[in-house]
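Residues in the sequence shown are numbered from 33 upward in steps of one, following the working numbering.
All residues carry an ideal CB built from backbone N, CA and C; glycine is no exception.
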Amino acid sequence: MENNLIEIIKDYKNRPNKDLEKVLEKLDQDFEITKKSLIDLSHHLDKIELVYNLIYKEYVTRHK
């Protein structure tokens, strides 16, 4: 986050609404980016688990 936004956050009680709107927009953007990243990572993790289980099952059947 840029320094200007950090300064606004630190002193939000004394800042004009225009500054607060700027921070809110940035926080909303960051939130949406983070949310999307977490969802994408969750899907990726699910796929890894499926492939792992598939390979592991085959591995176990070969070692009986």
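(message) By the three-class DSSP mapping on this structure, what secondary structure does Glu34 have?
(response) Three-state DSSP puts Glu34 in coil, outside helix and strand.
(request) Would you decide whether Ile87 is buried or exposed? Buried here means 16 or more other CB atoms lie within 10 Å of its CB. (result) Looking at its Cβ environment, which holds fewer than 16 other Cβ atoms inside 10 Å, Ile87 is exposed.
(message) Is the separation between the beta-carbon of Val55 and that of Ile65 shorter than 8 Å?
(response) Taking the C-beta atoms as reference points, Ile65 is found no nearer than 8 Å to Val55.
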